[in-house]
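Below you'll find the structure, written out as structure tokens, and then a few comments.
2 protein chains.
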Amino acid sequence: MIENTPLVRKLGAFVALSDPELSVLASLHKRRRTFVAGRDLVHQGQSYQAAYILASGWACSYKLLEDGQRQIVDFQIPGDFLGLRSVLLHVSDHSIEPVSDIEVTEIHVADLLDAFAQTPRLATAVLWAASRDEAMVVEHLVDVGRRDAAERMAHFLLELGARLALVGLGNKDGYACPLTQYHLADALGLSAVHVNRVLRQLREAGMITFRDGFVAFDDYDQLVKFAQFDPSYMDHKGPILR
Amino acid sequence: MIENTPLVRKLGAFVALSDPELSVLASLHKRRRTFVAGRDLVHQGQSYQAAYILASGWACSYKLLEDGQRQIVDFQIPGDFLGLRSVLLHVSDHSIEPVSDIEVTEIHVADLLDAFAQTPRLATAVLWAASRDEAMVVEHLVDVGRRDAAERMAHFLLELGARLALVGLGNKDGYACPLTQYHLADALGLSAVHVNRVLRQLREAGMITFRDGFVAFDDYDQLVKFAQFDPSYMDHKGPILR
Chain A
1 MIENTPLVRK LGAFVALSDP ELSVLASLHK RRRTFVAGRD LVHQGQSYQA
51 AYILASGWAC SYKLLEDGQR QIVDFQIPGD FLGLRSVLLH VSDHSIEPVS
101 DIEVTEIHVA DLLDAFAQTP RLATAVLWAA SRDEAMVVEH LVDVGRRDAA
151 ERMAHFLLEL GARLALVGLG NKDGYACPLT QYHLADALGL SAVHVNRVLR
201 QLREAGMITF RDGFVAFDDY DQLVKFAQFD PSYMDHKGPI LR
Chain B
1 MIENTPLVRK LGAFVALSDP ELSVLASLHK RRRTFVAGRD LVHQGQSYQA
51 AYILASGWAC SYKLLEDGQR QIVDFQIPGD FLGLRSVLLH VSDHSIEPVS
101 DIEVTEIHVA DLLDAFAQTP RLATAVLWAA SRDEAMVVEH LVDVGRRDAA
151 ERMAHFLLEL GARLALVGLG NKDGYACPLT QYHLADALGL SAVHVNRVLR
201 QLREAGMITF RDGFVAFDDY DQLVKFAQFD PSYMDHKGPI LR
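So the protein lines, in turn, are chains A and B.
If you're matching positions, the first sequence starts at 1 in UniProt numbering and goes up one per residue.
If you're matching positions, the second sequence starts at 1 in UniProt numbering and goes up one per residue.
In structure tokens:
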């Protein structure tokens, strides 16, 4: 019996995976490991790192500059790969830190490449997941480069909501969210004080409330309009490959 | 006889491709097409788009916001895929415009997926190319989010130089570059006036001169230090898979 894990749900959005393909996917999951919040799993510049699939909890990938500034590239939620990109590069171009305590399963690169040989459709599904991850980083570039502070916050929280909904962890009412204002600041290129001000502004406008670890969409449609949020880049319309 | 195209040189940096693998790669190249500068090949929101391999000339991928602002995500040079990411998504999340007149070869998604089935190592090489592309978008996010205008310009021009060197189109002296100040402005989140000022500042500091379609590294080592340019994210150290 194959578990309906967040990863299976996520890849299933792109490729309708057969039972043999699901078995190959399940065989990738090796050692189950846990990591505590705030301690890096992967360090920028590290070689021979492992890749992981996140089973529960949240993580973030980030880059540190020599002067100590930090840019958070993305957050990872259950079903996401951690370090998939770096596994193919000689050294990791970023660090990964658990936002909350997390459970992961380790995957070995050699196993992944073998799996591609056995089931090329799985390779396509993984390439899709990588494409979607990149599409999100592109949106974050647009966030930081071209959207004002309130729009970028609204866009970012909507994107997280759509990703969480795909793996059954959120809906149009909202979602549980372990992020602090410091995480949001480092992701959006704002100061923590500015984050606080922007969140108040969005709450007072009746669109969204982020309080006690929960993001509540008070007026989802208005928020979508305000953020010019077009979720098509998330590509959640159902499998292209059947 | 298999041509030593820019794409072969580039993928060869990651996977030592065998002759049969090179044949499969060559068979992907279908129709040769040309596009003139400034006319989009791919439109944001388009479905059923083709993917291309750039044979000569430069292109750029960008997103337009509803208010008309433009964020250039990346530039593509010979050997790069155009629209690979969007081919796997239902609709393209960005537009692609030729910067100069370009020559491309069209590839069909179905052929690409077949090729993965025949030669899984090729799938890995393409996944590597996608990983490297994403690593570059991540750097652009850091550029815009955390580097000041002069550092981000220096970092960006160094990155282009390293990419061009990999496909034999540049070296530590510099490279031919068809970009205008408007392209640089839209890529780096600056105004054209600001771009002009920053380029003058870098030239007067004796580090780099961008004039008459040529970027000259006047003092490569000093520029690398100034930009904190660590090229390891470009992953040009030679094949991991042999």
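Cβ coordinates follow ideal geometry from the N, Cα and C atoms, glycine included.
Asked: Residue interval of the alpha helix (DSSP H) (run including VAL10/A); Found: One point to set straight first is that residue 10/A is Lys, not Val, in the sequence displayed. Run containing LYS10/A: 6-12, per the alpha helix (DSSP H) assignment.
Asked: Within 7 Å, strictly: CB atoms of residue 258/B and ILE53/B; Found: In the structure displayed, chain B extends from 1 to 242; residue 258/B sits before or after that span and is not available.
Asked: Contacting positions in the segment 59-85 of chain B - beta carbon closer than 7 Å to chain A; Found: LYS63, LEU65, GLU66, GLN69, GLN71, VAL73 and ARG85
Asked: LEU65/A, DSSP secondary structure in three states; Found: coil
Asked: Positions along the UniProt domain "HTH crp-type" (147-221) of chain B whose CB lies within less than 8 Å of some CB in chain A; Found: ARG147 and GLY189
Asked: Cutoff 7 Å: GLY145/A Cβ touching any chain D Cβ; Found: In the displayed structure, chain D is absent; the protein chains listed are A and B.
Asked: Given LEU17/B as reference, the closest of THR119/B, GLU97/B, ARG39/B and TRP58/B once Cα atoms are compared; Found: THR119/B
Asked: Contact list for ASP133/B against chain A, beta-carbon separation under 8 Å; Found: GLU134
Asked: The segment 150-169 of chain B contacting the segment 97-115 of chain B, beta-carbon criterion three pairs below 8 Å; Found: no
Asked: Contact check, ARG121/A vs VAL24/A, beta carbons under 7 Å; Found: no
Asked: Cβ shell of VAL144/B (< 6 Å), same chain only, five flanking positions each side left out; Found: GLY189
Asked: Whole-angstrom distance between ARG9/B and LEU166/B, CA atom to CA atom; Found: 7 Å
Asked: Span separating the alpha-carbon of ASP19/A from that of THR124/B; Found: 23 Å
Asked: ARG211/A, buried or exposed, once every other Cβ within 10 Å from all chains shown has been counted against 16; Found: exposed
Asked: Option in PHE229/A, LEU184/A, VAL198/A and CYS177/A with minimal Cα separation from ALA149/A; Found: VAL198/A
Asked: Closer than 7 Å to chain A by CB, ARG242/B; Found: Note that ARG242/B scores 49 on pLDDT, short of 50, meaning its location in the model is unreliable and no value can be drawn from it.
Asked: Burial state of ASP186/A, where buried means 16 or more other Cβ atoms lie within 10 Å; Found: buried
Asked: Complete runs of the alpha helix (DSSP H) confined to the UniProt domain "HTH crp-type" (147-221) of chain B [at least 4 residues]; Found: 149-166, 181-188 and 192-204
Asked: Those residues which DSSP pairs with ARG32/B across a bridge; Found: THR105/B
Asked: Residue nearest to residue 244/B in terms of C-alpha spacing, selected from LYS225/B, ALA37/B, PHE81/B and ARG200/B; Found: Residue 244/B is absent from the structure shown; chain B starts at 1 and stops at 242.
Asked: CYS60/A versus LEU179/A: straight-line alpha-carbon distance, rounded; Found: 10 Å
Asked: Cβ-based neighbour list, residue 243/A, same chain, cut-off 6 Å, excluding 5 preceding and 5 following; Found: In the structure displayed, chain A extends from 1 to 242; residue 243/A sits before or after that span and is not available.
Asked: Straight-line Cα distance separating VAL193/A from LEU11/A; Found: 38 Å
Asked: CB of SER131/A within 7 Å of CB of ARG147/B, strictly; Found: no
Asked: According to DSSP, residues forming a beta bridge with SER100/A; Found: According to DSSP, which records beta bridges pairwise, SER100/A is partnered with nothing at all.
Asked: Cα-Cα separation between SER100/A and VAL142/A, rounded to whole angstroms; Found: 27 Å
Asked: Option in GLY57/B, VAL126/B and THR34/B with minimal Cα separation from LEU22/B; Found: VAL126/B
Asked: Under the three-state DSSP convention, the category SER27/B falls into; Found: helix
Asked: Min CB distance GLN228/A to chain B below 7 Å; Found: yes
Asked: Burial state of GLY213/B (16 or more Cβ within 10 Å); Found: exposed
Asked: SER18/B, DSSP secondary structure in three states; Found: coil
Asked: For ARG70/B, the three-state DSSP class (helix, strand or coil); Found: strand
Asked: Limits of the beta strand (DSSP E) - the one that VAL53/B falls within; Found: It should be pointed out that residue 53/B corresponds to Ile in this sequence rather than to Val. First-last of the beta strand (DSSP E) with ILE53/B: 51-56.
Asked: Local Cβ density within 10 Å of THR34/B, reported as buried at 16 or more and exposed below that; Found: exposed
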